[in-house]
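Worksheet: the structure to be examined is printed underneath.
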Amino acid sequence: MVINMLRCPYCGSERLAWSEETGHLVCQDCGAIIENLIDDRPPRFSEDAQRVVEGSPPRGPLEVALERASAKAVSRGKFIEVINGAIKFRSPATRHDAEASEALKVIDGFPELKSRTERVKVGLAVYATLKALGVSSSRALSEAARRSGASPKSIESAVRRHRAAFMMYEELVRERLLGPERK
């Protein structure tokens, strides 16, 4: 809206001005208020107005895929844990978890292994437990990494660096789990 093209409806003058104090468009010749440019009245509320319910935002392919994956994980007996918006699928507690917690208590006697991060310590405990139960090394390593959250490389590196301590630790875990007669 260009102010110069407007005319005063009362006197026909083109000299119009906007008053910054009142927010009105005023004719400079006759002083008539032509239009309110700023509406400072409160909004009107109607008693019979219906509130419009907004639907949820459209879901993208990531949300659809995540919903399908979580449904499959639940049907396979896994738990779903939401951490800071990220969804982590984890296996339910198994009999190995109790045995791994026993192995985690034993690790305190080995300073080389005890000094590792918490994730790697849990990974080492699960790895030693699974090895004691007769699971293959590669399967035990991948399962230990999955359960502990540590990378397979970090668990493997800890085993390689502290080989002698880990062998004694693994033997002690095997004795605690299976008894001294079965090795």
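To convert, note that position 36 of the sequence shown is 36 in UniProt numbering; the numbers rise steadily by one, no gaps. Glycine included, every Cβ here is placed at the ideal spot set by N, Cα and C.
**Asked** Based on the DSSP secondary-structure assignment, which residues constitute the bridge partners of A17?
**Response** V26
**Prompt:** Under a three-way DSSP split, which group does E156 fall into?
**Reply:** helix
**Item:** Uninterrupted beta strand (DSSP E) stretches inside the stretch 103-137 (no shorter than 3 residues)
**Value:** none
**DSSP-derived helix/strand/coil call for E54** = coil
**Item:** Opening and closing residue of the beta strand (DSSP E) in which E35 lies
**Value:** 33-36
**Request:** Quick one: grab the DSSP three-state call for L6.
**Result:** coil
**Beta-carbon contacts of S19 that lie in its chain and below 6 Å, excluding the five residues immediately before and after** = V26
**Asked** Can you tell me the Cα-Cα spacing of L124 and M168, whole angstroms?
**Response** 13 Å
**Request:** Helix, strand or coil for R139, going by three-state DSSP, please let me know.
**Result:** helix
**Request:** Spell out a yes or no on whether the stretch 112-130 and the stretch 140-147 are touching, meaning 3 or more CB-CB pairs, one atom from each, closer than 8 Å.
**Result:** yes
**Request:** Along the alpha helix (DSSP H) that carries F166, what are the first and last residues, could you check?
**Result:** 163-178
**Integer Cβ distance of R119 from A144, believed to fall under 8 Å** = Going by Cβ atoms, the distance from R119 to A144 rounds to 10 Å, so no, they are not a contact pair.
**Asked** Near L178, which residues of its chain fall below 7 Å by C-beta distance, leaving aside the five closest residues on each side in sequence?
**Response** A132
**Prompt:** Where does P61 fall in DSSP's three states?
**Reply:** helix
**Prompt:** In this structure, does DSSP put E67 in helix, strand or coil?
**Reply:** helix
**Three-state class that DSSP yields for K72 in the structure shown** = helix
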